[in-house]
Every structure is written in structure tokens, then in C-alpha cells.
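J.: Residue numbers for the sequence shown follow my numbering, so the first one is 29 and each next one is one higher.
Don't be surprised by glycine CBs; every beta carbon is placed ideally from N, CA and C.
Provided herewith is a single structure, encoded as C-alpha cells, for subsequent inquiry.
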Amino acid sequence: MNTEPEHTRCGFVALVGAPNAGKSTLLNALVGTKVSIVTHKAQTTRAQIRGVVTEGETQIVFIDTPGIFAPRRRLDRAMVEAAWSGAGDADFVALIVDAERGMTEELDSLLEGLAGIPHPKVLILNKIDLIKREKLLALSATLNGRLAFEQTFMLSALKGDGVRDFLAWAANRIPSGPWHFPEDQLTDLSLALTAAEVTRE
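Given below as C-alpha cells:
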């Protein structure tokens with residue numbers, strides 16, 4: 029039986045990034061189980077899959093937005109709109125950047141779009157195990173010069189390095205409020221939809 033603590037905190041964090049920046053891998057690392065597709069094919073996350081982390085009295089709901097890119101087809105446009113909607117609904121937005129790829133046109137347009145969202149933002153440089161430290165620090169300086177990020181995290185979602193640091197920081201930023209999900213629930217996807225997601229992988 030789940031007993032919710034008396035003084036609970038609950039909030040939403042949107043994971044935003046260019047396709048294949050590692051959003052789904054990070055979500056799975058944060059939740060500790062596979063709730064989002066991880067694939068080398070871009071734009072596979074079509075719905076806002078929510079991963080739920082409950083620790084102590086704090087519940088964090090992560091929204092895994094579709095990779096934001098220049099939309100060519102109607103479905104693409106719908107995915108992009110869903111991503112921006114997820115970013116706007118969250119308590120704060122985490123921009124995940126593929127550190128190995130560095131600055132790209134997609135990332136450039138993403139920074140422009142995020143500038144119009146008033147929520148607090150954090151920068152997550154992912155795949156840091158694949159890049160030299162000097163290049164990593166230069167990329168961090170460039171991105172922080174473009175947008176006012178509250179915090180910068182450098183991690184490897186695949187290896188799990190640095191993931192706990194981001195989780196601990198996020199837990200401290202979550203506002204007071206009732207939980208949205210039972211303590212043992214890890215995602216708001218139904219079992220059937222989860223099976224469909226894994227099948228699509």
C-alpha cells in the first residue's frame with residue numbers, strides 16, 4: 029500500500045533537445061527502467077512520455093518531448109508542436125545537447141525557440157565521454173552565452189555518469205504540491221502502449 033507523505037512536492041521537467049541528443053536514454057537513466065524508446069533513428073518519440081521518479085516526499089515527472097527539428101511533413105509539425113507544448117507546461121526545461129556533435133543548425137534554432145519560453149532552464153551536455161574537456165568547456169561557454177541557464181550539467185546518460193547530480197538538483201527545485209502518480213508508478217503510459225513503443229523500436 030502506498031502512503032503519501034504529509035508534505036509532498038511535485039513538479040514537471042521537460043527534456044528538450046535535437047533528435048538523437050540522448051533524451052530517451054537520459055529519461056530511462058533517471059527513472060531506472062526503460063520507459064522511452066532508444067534508437068538511432070531520429071524522431072521516434074511521438075508522444076510526451078512521462079517518466080516518474082519518486083524519492084522521499086518529492087515526485088518529479090519528466091516529459092520526454094519529441095526531438096525538435098525543422099518540420100517537413102504534417103506529422104513532423106504535430107510532433108514539434110507537442111514538444112514545445114511540453115516545454116511550456118513544465119516547471120523548468122532541461123536542454124539536452126549532444127556534446128560530441130556540438131553546435132548545429134538544429135541546436136541554434138532550438139536556442140532561439142527556448143528564448144521565448146519564460147520558464148527556468150538548465151543545460152545538460154550529454155555524451156561527455158566522447159569529447160575532450162577543452163572542447164566541452166568551450167561548448168558550455170558558447171551555449172551559456174546564448175541563453176541564461178540556471179545550471180549546467182555534464183553527464184553520460186548511457187553510462188549513468190552525472191545523472192544522480194542532475195536528479196538531486198531537480199528534486200530541490202520542485203515546488204510543493206500533491207503527487208500526480210502513485211509512489212510505485214514509473215510512467216503514465218499504459219502497458220499496451222509501452223509494448224507498442226518497444227515494438228516500434
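Mapping the DSSP letters down to three states, classify Ile145 as helix, strand or coil.
T.: If DSSP states are grouped into helix, strand and coil, Ile145 belongs with coil.
J.: Which runs of the beta strand (DSSP E), 3 residues or longer, sit entirely within the segment 158-226?
T.: Entirely contained in the segment 158-226, the beta strand (DSSP E) runs reaching 3 residues are, in chain order, 179-182.
J.: When we look at the beta-carbon of Asp126 and count the other beta-carbons within 10 Å, is it buried (16 or more) or exposed?
T.: Looking at its Cβ environment, which holds 16 or more other Cβ atoms inside 10 Å, Asp126 is buried.
J.: For the 8 Å Cβ check, are there 3 or more pairs between the segment 162-175 and the segment 196-205?
T.: Flag = no, the segment 162-175 and the segment 196-205 do not touch.
J.: Report, in whole angstroms, the separation of the C-beta atoms of Leu153 and Thr180, which I expect to be a contact under 8 Å.
T.: Rounded, the Cβ-Cβ distance is 7 Å, consistent with contact.
J.: State the Cα-Cα distance for the pair Leu221 and Glu162, rounded to the nearest angstrom.
T.: Because Leu221 sits at a pLDDT of 41, beneath the cut-off of 50, its placement in the model cannot be relied upon, and the following sentence gives the value as read from the coordinates. Taking the straight line from one Cα to the other gives about 43 Å.
J.: Given a cut-off of 8 Å, decide if Val59 and Val81 are closer than it, judged by their beta-carbon atoms.
T.: Yes, Cβ-Cβ distance for Val81 and Val59 is below 8 Å.
J.: Could you give the DSSP three-state label for Glu128: helix, strand or coil?
T.: DSSP places Glu128 in coil when its eight states are reduced to three.
J.: Figure out for me which residue from Leu123, Glu34 and Gln87 has the closest Cα to the Cα of Phe40.
T.: It is Gln87 whose Cα lies nearest to the Cα of Phe40.
J.: Could you tell me which of Glu83, Arg129 and Gln213 sits nearest to Ile156, measuring between CA atoms?
T.: The residue with the shortest Cα to Cα distance from Ile156 is Arg129.
J.: Tell me whether Asp92 is buried or exposed, calling it buried when 16 or more other Cβ atoms sit within 10 Å of its Cβ.
T.: Burial call: buried.
J.: Taking only three categories from DSSP, how would you classify Thr86?
T.: In this structure, Thr86 counts as strand in the three-state DSSP scheme.
J.: With which residues is Leu43 paired in a DSSP beta bridge?
T.: Asp92 and Ala122.
J.: Output the distance between the C-alpha atoms of Pro99 and Gly141, rounded to the nearest integer angstrom.
T.: Here Pro99 scores only 47 on pLDDT, less than 50, and its place in the model should not be relied on; the value that follows carries that caveat. Distance between the alpha carbons of Pro99 and Gly141: 14 Å.
J.: Kindly indicate the opening and closing residues of the alpha helix (DSSP H) around His53.
T.: Before going further, note that residue 53 is Thr rather than His in the sequence given. Lys51 to Val59 is the extent of the alpha helix (DSSP H) around Thr53.
J.: Short of 7 Å in beta carbon distance, which residues of its chain neighbour Val121, apart from the five on each side in sequence? Order them along the chain.
T.: So the list reads Ala42, Val44, Ala115, Leu142, Ile145, His147 and Lys149, once near-sequence residues are dropped.
J.: Sort Asp119, Leu139, Val191 and Gln213 by Cα distance to Leu55 and report the nearest one.
T.: It is Val191.
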